[in-house]
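For reference, the structure discussed in these notes is given below.
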């Protein structure tokens, strides 16, 4: 089989009507022969492997992204609930102090605690 391919390649080189590309292909076939086919097959296998890994990575990225968005929504809801509770607590304490003289120290401590809770 290889001998026949070599003979055909030599014949193609000797034919005048052949264009330059076919002459180059014939020379490649003479020099590399069956190795080119093996290389092409290996490259195709690698290409398929890379594409499958790429799809796996894209699926993983999509999963991680959705989990992060859910966690962010959960944290946002939790923070909003805590802020609402703090506002209610301050409102309750201020309403108790409504008829009394406002204690500036107590009020400042409440605002400091509110600020610390928001910062968390």
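In the UniProt record's numbering, the protein residues as written are 1 to 120.
Where a beta carbon is used, it is the ideal one built from N, C-alpha and C, also for glycine.
Owing to the predicted nature of the structure, the values given are computational and were not obtained by experimental measurement.
Classify residue 115 as helix, strand or coil using the three-state DSSP reduction. Your numbering for residue 115 matches position 115 in the chain shown. If DSSP states are grouped into helix, strand and coil, residue 115 belongs with the helices.
Would you decide whether residue 119 is buried or exposed? Buried here means 16 or more other CB atoms lie within 10 Å of its CB. For the purposes of this step, residue 119 is taken as the residue at position 119 of the chain shown. Counting Cβ neighbours within 10 Å, residue 119 comes out exposed, since fewer than 16 surround it.
Could you tell me if residue 48 is buried or exposed, where buried requires 16 or more neighbouring beta carbons within 10 angstroms of its beta carbon? Taking the chain shown and counting its residues from 1, one reaches residue 48 at position 48. Exposed: under 16 other Cβ atoms inside 10 Å.
Spatial neighbours of residue 36 within its chain, please: C-beta separation below 7 Å, excluding the five flanking residues on both sides. The count along the chain shown starts at 1 and reaches residue 36 at position 36. Counting only Cβ-Cβ distances below 7 Å, and skipping sequence neighbours, we find 28.
Looking only at C-alpha atoms, which of 104, 95 and 85 sits nearest to residue 114? Here residue 114 corresponds to residue number 114 of the chain shown, with the count starting at 1. The candidate whose alpha carbon is nearest that of residue 114 is 85.
Residues near residue 20 in its chain [Cβ-Cβ closer than 7 Å; skip 5 each side]: Here the question's residue 20 lines up with position 20 in the chain shown. If we look at residue 20 and ignore the five residues flanking it on each side, it has no Cβ neighbours.
For residue 90 versus residue 110, is the C-beta distance shorter than 8 Å? On the chain shown, residue 90 is found 90 positions in, with the first residue counted as 1. On the chain shown, residue 110 is found 110 positions in, with the first residue counted as 1. Closer than 8 Å, so yes.
What does a CB cutoff of less than 8 Å around residue 117 pick up in its chain, not counting 5 residues either side in sequence? Here the question's residue 117 lines up with position 117 in the chain shown. Around residue 117: 82, 83 and 86.
Coil, strand or helix - residue 124 by DSSP: This structure gives no information on residue 124, because the portion of the chain shown stretches from 1 to 120.
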